[in-house]
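Novice: Those sequence lines, one after another, are chains A and B. Just so we're aligned, residue 78 is where the first sequence starts under the numbering used here, counting upward by one. Just so we're aligned, residue 19 is where the second sequence starts under the numbering used here, counting upward by one. Don't be surprised by glycine CBs; every beta carbon is placed ideally from N, CA and C.
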Amino acid sequence: MTDYKFNIDGKQLSSEEIQKRKDFNAFHKKFQAQSKAFYQQNWFWKSTGLASVIIVSLFMIISSSKNNSKNPVDDKTFEIVNEKHFIKPPFKDLRVKADAFEVDANKGGTFKSRFGSIIKIPAFAFSRKNGKTIKDQTVEIRFTEYKDVADQIISGIPMTYDSAGTKYMFSSAGMVEIRGFIGDSSVNLNSQEPIQIEMQSAYSGTEYNFYCLNEEEKSWDYLGKDSVVNHAEEAFKKQIQEKYPEIQKKDIQISNKQLEAQLQRIPEYKKRKKRKFQILQDLRQLNAISPTKPIKADKEKEKFSLDILEKENPELVSYKDVQFELAFGESINPKHTNQNWNNVDIKKGEDNEVLITFSKLNSNQEIQYKAIPVLDGKAFENAHKAYLTNLNNINKKRNELKKVTQQIKYLQREIKTKSIDKAFIQAKLDRTERIAYAQLERRNKDELARLEQRATVQKIQLQNKKTQEKVTRCFSASNFGVFNCDKAIATGANKKSTITNIKFQEEVNEAIVIDVFQQANGIYSCIAMKKKVLNQYANSTITIGISKNQIGILNHTSKGELNFTVKGVPKSKAQLMEWLEL
Amino acid sequence: MNINPQYHKTKEQIHSEQQLVEYAKANSKDFKPLYNQYYEIVFRFVFQRTGNENLTSEVVSNVFFKVLRNLDKYEFRGLPFSSWVLRIAHNETFKAFRKSKDKRVVRLETEHLQNLISENANNYFEELKPALLKALKTLKGDDMQLIEMRFFEGRPFKEMADILEKKESAVKMKVYRILEKLKNSLRKN
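1. Tell me Q273(A)'s beta-bridge partners as DSSP assigns them.
2. With a threshold of 8 angstroms between beta carbons, is E58(B) in contact with chain A?
3. Does K99(A) get closer than 8 angstroms to chain B when you measure Cβ to Cβ?
4. So who's on the other strand from S69(B), going by DSSP bridges?
5. Under 8 angstroms between the Cβ atoms of I579(A) and K607(A)?
6. So, at 6 angstroms on beta carbons, what are the nonlocal neighbours of V150(A) in its own chain, with the 5 sequence-adjacent residues on each side left out?
7. How about D722(A) and A250(A): do their beta carbons lie closer than 8 angstroms?
8. May I have a chain-ordered list of the beta strand (DSSP E) segments no shorter than 3 residues that lie completely inside the region 311 to 394 of chain A?
9. Can you tell me the Cβ-Cβ gap for R173(B) and T111(B), rounded? I've got them flagged as a contact below 8 angstroms.
10. Go through its chain and collect everything with a Cβ distance to E402(A)'s Cβ below 7 angstroms, but skip five positions before and after it.
11. Under a CB-based cut-off of 8 angstroms, is Q627(A) close to chain B?
12. Within its chain, find whatever has a CB closer than 8 angstroms to the CB of R475(A); leave out the 5 residues flanking it on each side and keep chain order.
13. Counting C-beta neighbours from all protein chains within 10 Å, is the total for E389(A) 16 or more, i.e. buried, or is it exposed?
14. For the alpha helix (DSSP H) containing D181(A), list its first residue and its last residue.
15. Quick check on the burial criterion: 16 or more other C-beta atoms within 10 angstroms. Buried or exposed for G87(A)?
16. Any Cβ of chain A within less than 8 angstroms of the Cβ of N54(B)?
17. Helix, strand or coil, according to DSSP, for P411(A) in the structure here?
18. Roughly how many angstroms separate the alpha carbons of F63(B) and R195(B), rounded to a whole number?
19. With distances taken from CA atoms, which of V77(B), Q36(B) and A188(B) is nearest L89(B)?
20. If distances are taken between C-alpha atoms only, which option among Q595(A), N586(A) and T618(A) comes closest to N640(A)?
21. If we define contact as Cβ-Cβ less than 8 angstroms, is Q132(B) a contact residue for chain A?
22. Three or more C-beta pairs under 8 angstroms: does that hold for the region 174 to 192 of chain B against the region 97 to 117 of chain B?
23. Roughly how many angstroms separate the alpha carbons of K91(B) and K43(B), rounded to a whole number?
24. Say whether chain A places a C-beta atom closer than 8 angstroms to the C-beta of Q163(B).
25. Pick helix, strand or coil for S574(A), following the three-state DSSP scheme.
26. May I ask you to list, following chain order, the residues of the region 54 to 88 of chain B that have a beta carbon less than 9 angstroms from some beta carbon of chain A?
27. Who are the neighbours of K184(A) on chain B, taking C-beta pairs under 7 angstroms?
28. For S92(A) and E58(B), what's the separation of their Cα atoms in angstroms?
29. Could you name the residues of chain A that F94(B) contacts, counting a contact when the two beta carbons are closer than 8 angstroms?
30. Answer yes or no: does any C-beta atom of chain A fall closer than 8 angstroms to that of E127(B)?
31. Since I604(A) contacts I589(A) with CB under 8 angstroms, what's their CB separation in whole angstroms?
32. To the nearest angstrom, report how far apart Y116(A) and S46(B) are at their CA atoms.
33. Comparing the C-beta of Y81(A) with each C-beta of chain B, is any distance below 8 angstroms?
34. Please report the straight-line C-alpha distance between D152(A) and I198(A), rounded to a whole angstrom.
35. At least one CB of chain A closer than 8 angstroms to the CB of K113(B): is that the case?
36. When Cβ atoms are compared, which residues of the region 274 to 288 of chain A fall closer than 8 angstroms to chain B?
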């Protein structure tokens, strides 16, 4: 058992108390005093011995394999890449903040930077120095975005472009640096699996070209054009689409009332409507007079007939020649046959049946029979003939009605289609007009905003406001490095002078001179040396000098004398921007 | 249990720290930012285990001496530089204990002890406290180290694993086992 001493809720040391004990200078002095000279230390002699053995071994191995074909490179061997000499950040402790993402080499992934830029990495996108695809490892992607002139200055990336011997400066719409590492060893990109970068940019123009910094050749390689997605334009389009959606024919509705009003203006339609009305009336009449289909009397079945006095029973005249065949299950009661029945009432029953009620005057006696009215002989023939004639007339009228209804429907359809077409065209015209108005309104607003921006540009500069990012610039990269969406522009040198003196805090022989072109979002740097010619540019916002890590602002140049007001070493981007009045 | 946010480092911090390491490798004078950055962290780490300010100062000095002397051997493997520094601090602290034969100090707050007990048992904390301390005393040095890092210092498992040069999963497993052991001891008592 370990003997512990528990100190519960004991004295807490404050940061101030601890800080008081901190003394780097004393520590460093002690360290230097205690550190022996390298040749006095054991490791030196051990390492020397070991190194000798390794050198001899290597020499033997190289000698023996000299004539052999290429040896496969050990998978675990990576080229150690430190910051390329070509890119020289001018300030030791100041770098543009980078994003780091861990990527599974087998899966790839999509990553978003602090500025909202998207990096899409496919699976198996990384390769080793020997070209072998990296598998089953995690690669760290370091992604840096250089958004403005301050970032450009801090980065130390040369922002000049040489075209046929003429030097141009870059007006940048955005620059990114992307690199991959396993541990602290750099890896390459597999050229078969390029990565996609969607860089957020504050510059919406399409006149920018796409360049990659060739760190070996120390120059920018022109790669063509990036593609630009204008967010403001896309948002406006979306807004328009939501407010004035695309009109489809199916969306156009014509009410029946509207349609009828239009149809009434067509004489042909009116005529047909009238005709239809007439036919319907005729049909009603024909149906009203139409007798039911006569049934021929069955000789085998029991039946009776009515002795109808036309004067007394006019309603029964139509049954004069009719015989009544007893319905199924009915039979005549012989008691009823020898009696005189004064009243007869006939009512329609189910199917062809009728219910016949016989009654007497001055008596409550009443009898009922279910029977089917039938005809026989000549009466049946006449009735059947009349029935057929009437049926024929009805069918004729029905056909006529069908035809005229079709004609009416055709006219309705035609007029409806024409009306929809007309309304559709009108709706489209209205929409186009509304969109045109919205665009005009937007243009006016933009114009107004531009005017306002121009008026307040000084204020914005003072407040160091960031320009709103408007577009996404998309490109693919098949190698790691620095990529720039730029247009090469002439710097517009308007004066040349031979430098007689360079004054920082003290006189120096040379300094890096950087002209800042804020509006173009670019810088132009060169090394100013005594007795050398220096160009001066009318359009630069400010000219600065860097000597021994210190920044100086160029006040004026008289007789070739460069006079810098020294600001010091910038501790942050914000401080640099403040000094540069960006 | 809350993890102390001061022990969490972003990728960006780790990367910029790496830059500082590179500068310090080139020139020992440039070790100053790292020294300033880590002095308090290392001091608190050692003081937690010694409870003696003067001894802590001495150990901290040795730690930074070793860090600077071995800086060339340090390889960046994506881990925070602090893990490497604290690993050295851990070794130096226990080296100091071996030399001085002082008792190992465990500094903790009442709240930390409560963290060790389940919420249900918190109502009986005062009754359980002596038994808990007794149970803690039965822990071996390495086990106590884990409990201390996790519950008294609030370090994430990842960092614990980095400092102790163990796998994160192994550290987790070990911590859960120690907790089980403590629970059993408490039940017996």
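Specialist: From the atom records:
1. In DSSP, Q273(A) forms a bridge with K197(A) and S553(A).
2. With 8 angstroms as the cut-off, E58(B) counts as an interface residue toward chain A.
3. Yes, contact with chain B.
4. The sequence given here has Gly at residue 69(B), not Ser. Looking at the DSSP assignment, G69(B) forms no beta bridge with any residue, so it has no partner.
5. Taking 8 angstroms as the Cβ cut-off, I579(A) and K607(A) qualify as a contacting pair.
6. Confidence is the limiting factor: at V150(A) the pLDDT is only 29, short of 50, which leaves the residue's position unreliable, though a coordinate-based value still follows. The answer, listed in chain order, is N207.
7. Any property of residue 722(A) remains undetermined from this structure, which presents chain A solely from 78 to 659.
8. Counting whole runs of 3 or more residues, the region 311 to 394 of chain A contains the beta strand (DSSP E) stretches 380 to 382.
9. Not a contact, Cβ separation roughly 15 angstroms.
10. A374, D375, K378, K380, A448, I449 and V451, listed in sequence order.
11. In terms of beta-carbon proximity, Q627(A) stays away from the interface with chain B, with every pair separated by 8 angstroms or more.
12. Exclusion of the five residues before and after R475(A) leaves L360 as the residues of its chain whose Cβ lies within less than 8 angstroms of its Cβ.
13. Exposed, since its Cβ has fewer than 16 Cβ neighbours within 10 Å.
14. Not the alpha helix (DSSP H): D181(A) falls in the beta strand (DSSP E), residues A175 to D181.
15. G87(A) sits exposed, since fewer than 16 C-beta atoms from the chains shown fall within 10 Å of its C-beta.
16. Yes - at least one Cβ of chain A is within 8 angstroms of the one on N54(B).
17. DSSP places P411(A) within a helical segment (H, G or I) once states are collapsed to three.
18. Those two C-alpha atoms are separated by around 24 angstroms.
19. It is Q36(B) whose Cα lies nearest to the Cα of L89(B).
20. Shortest Cα-Cα distance from N640(A) to any of Q595(A), N586(A) and T618(A) involves N586(A).
21. The beta carbon of Q132(B) sits no closer than 8 angstroms to any beta carbon of chain A.
22. Contact holds: three or more Cβ-Cβ distances are below 8 angstroms.
23. The alpha-carbon of K91(B) is positioned some 10 angstroms away from that of K43(B).
24. Closer than 8 angstroms: no.
25. Strand.
26. Cβ contacts with chain A come from N54, Y57, E58, F61, R62, F65, G69, E71, T74, S75, V78, S79, F82, F83, L86 and R87.
27. Within chain B, not a single residue places a beta-carbon under 7 angstroms from that of K184(A); the smallest gap is close to 18 angstroms.
28. Whole-angstrom Cα-Cα distance: 7 angstroms.
29. By Cβ distance, chain A contributes G260 and D261.
30. Judged by the 8 angstroms Cβ criterion, E127(B) is in contact with chain A.
31. The C-beta distance from I604(A) to I589(A) rounds to 6 angstroms, short enough to meet the 8 angstroms contact threshold.
32. Only weak support is given to the placement of Y116(A): the predicted model assigns it a pLDDT of 48, under 50, and the value that follows is read from those uncertain coordinates. Going by the C-alpha atoms only, they are around 18 angstroms apart.
33. By this cut-off, Y81(A) is an interface position.
34. Any reading at D152(A) must be qualified, since the residue scores a pLDDT of 29, below 50, and its modelled position is unreliable; the value itself is stated next. Each residue's Cα considered, the two are about 22 angstroms apart.
35. Closer than 8 angstroms: no.
36. Of all residues in the region 274 to 288 of chain A, none is placed with a Cβ closer than 8 angstroms to any Cβ belonging to chain B.
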